[in-house]
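Engineer: In this note's numbering, the protein residues as written are 80 to 414. For every residue, glycine included, the Cβ atom is placed at its ideal position computed from N, Cα and C. Dumping the structure here so I can ask a few things about it.
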Ligand code: Q46
Ligand code: ZN
Ligand code: ZN
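Written out as structure tokens, the structure reads:
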């Protein structure tokens, strides 16, 4: 097995490129794919201040590493979600990565700063944990970016993530979500720009990037992710990719090239009008806000209010509950 570029021994086989690469030329390929995504979608410029959403997993640490290597000014933000040992361990990986490289990592703790954690929010609001978690993360990243004077928030979503979300949206023909599934969400009304520079690289490639670059990352999945529909979509796409390498890239990148322009008008119409939340001051979509007596309260402030008033709930309790709910669903579906 030889490197396509230099003919020295290869360390990785990439069937979707019909090629093998040595470590040096594999890293070069990753840098080029990220630079191409940044350029093709006008994600940001070298003058921009970037805030990377860091989870301690391979994708967010790899994208931070790649951006710094490519010469961008990027700080990290880690949110301590209070998901038991998983959160404690993932925070350690993020902090060590930043400390070893002299990078700035900001940390926000749901429990210390807002008085709740993800398992408690799930119980208090009756939402599935990922919904309570996603809302908390979106709000805190937006706020940190605006307060910190950052131009753009970067997330580590990779090609597998985006193809799986696209697959789910297409299975449901959720046209509004399809129209907005773009690698750049422009800044508007107090929300920062949000971009995904890893859309041209896969999960496996990001794991290889971390191994070659000596980046330690948390390998376990979040315990709340079990049963998540996206994992099933990823498995289905992996089976297709195995039979026909390149399927995922042509599916998602083809969507961006040929389908997203067709849906552009729907994306523009779907843009919600926004108002400032009376409590936290953050911009909130009118459809998400609760308005009474002239007071506008965003969904995040409502979630904080209910969750902080609730007795703390353990991760295990929520996991047991979601396992029981899944069993009940299977029983109902099989009748
Ligand atoms: S951290 Fe949060 Fe993910 Fe865990 S609770 Fe769900 S959304 S799975 S990226
Ligand atoms: Zn080589
Ligand atoms: Zn608010």
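Grab me the residues of residue 141's own chain with a C-beta within less than 6 Å of its C-beta, minus the 5 sequence neighbours each way, in chain order.
Structural biologist: 285, 288 and 289
Engineer: I'd like to know whether the C-beta atoms of residue 166 and residue 159 end up nearer to each other than 8 Å.
Structural biologist: yes
Engineer: Just reading off the alpha helix (DSSP H) that residue 221 is part of, what are its end residues?
Structural biologist: 208 to 226
Engineer: What are the boundary residues of the alpha helix (DSSP H) that includes residue 169?
Structural biologist: From DSSP, the alpha helix (DSSP H) with residue 169 extends over 163 to 180.
Engineer: Determine, using beta-carbon pairs with one atom in the region 337 to 347 and one in the region 252 to 266, whether at least three such pairs fall under 8 Å.
Structural biologist: yes
Engineer: If you drop the 5 nearest sequence neighbours on each side, which residues of the same chain put their C-beta closer than 8 Å to that of residue 409?
Structural biologist: A caution first: residue 409 carries a pLDDT of 40, below 50, which makes its placement in the model unreliable, though a value can still be read off. Counting only Cβ-Cβ distances below 8 Å, and skipping sequence neighbours, we find nothing.
Engineer: Return the Cβ separation of residue 327 and residue 238 in integer angstroms, given the expectation that the two are a contact with Cβ distance under 8 Å.
Structural biologist: 6 Å
Engineer: What residue range does the alpha helix (DSSP H) around residue 107 cover?
Structural biologist: Bounds of the alpha helix (DSSP H) holding residue 107 are 102 to 119.
Engineer: On the three-state DSSP scale, how would you describe residue 292?
Structural biologist: helix
Engineer: Quick one: what's residue 157 bridged to in DSSP?
Structural biologist: 133 and 186
Engineer: Whether or not the region 217 to 231 and the region 198 to 208 are in contact is what I'm after, with contact meaning three or more pairs of Cβ atoms, one per stretch, closer than 8 Å; do they touch?
Structural biologist: no
Engineer: Return yes when at least one heavy atom of ligand 5 lies under 7 Å from the C-beta of residue 86, else no.
Structural biologist: Within the structure as shown, ligand 5 is missing, the only ligands being ligand 1, ligand 2 and ligand 3.
Engineer: Could you please give me the residues that DSSP links to residue 99 through a beta bridge?
Structural biologist: 92
Engineer: Listed in chain order, which residues are found with a beta carbon closer than 7 Å to a heavy atom of ligand 3?
Structural biologist: 356, 358, 359, 361, 363, 376, 377, 379 and 380
Engineer: Run the Cβ filter for me: residues under 5 Å from any heavy atom of ligand 1, listed in the order they occur in the chain.
Structural biologist: 208, 209, 212, 301, 303 and 304
Engineer: Taking the beta carbon of residue 82 as the centre, do at least 16 other beta carbons fall within 10 Å, making it buried, or is it exposed?
Structural biologist: buried
Engineer: In terms of residue numbering, what span does the beta strand (DSSP E) encompassing residue 374 cover?
Structural biologist: 374 to 376
Engineer: So what does DSSP say about residue 363, is it helix, strand or coil?
Structural biologist: In this structure, residue 363 counts as strand in the three-state DSSP scheme.
Engineer: Residue 217 to residue 88, Cα distance in whole Å?
Structural biologist: 44 Å
Engineer: I'd like the span of the alpha helix (DSSP H) that includes residue 254, first residue to last.
Structural biologist: 254 to 259
Engineer: Can you tell which of 191, 144 and 152 has its C-alpha closest to the C-alpha of residue 391?
Structural biologist: 191
Engineer: Expressed to the nearest angstrom, what Euclidean distance is found between the alpha-carbon atoms of residue 132 and residue 370?
Structural biologist: 31 Å
Engineer: Buried or exposed: residue 144, going by 16 or more other Cβ atoms within 10 Å of its Cβ?
Structural biologist: Result: buried.
Engineer: Determine whether the beta carbon atoms of residue 297 and residue 92 lie at a separation below 8 Å.
Structural biologist: no
Engineer: Along the chain, where does the alpha helix (DSSP H) containing residue 329 start, and where does it finish?
Structural biologist: 326 to 333
Engineer: With DSSP run on the structure shown, which of helix, strand or coil describes residue 262?
Structural biologist: coil
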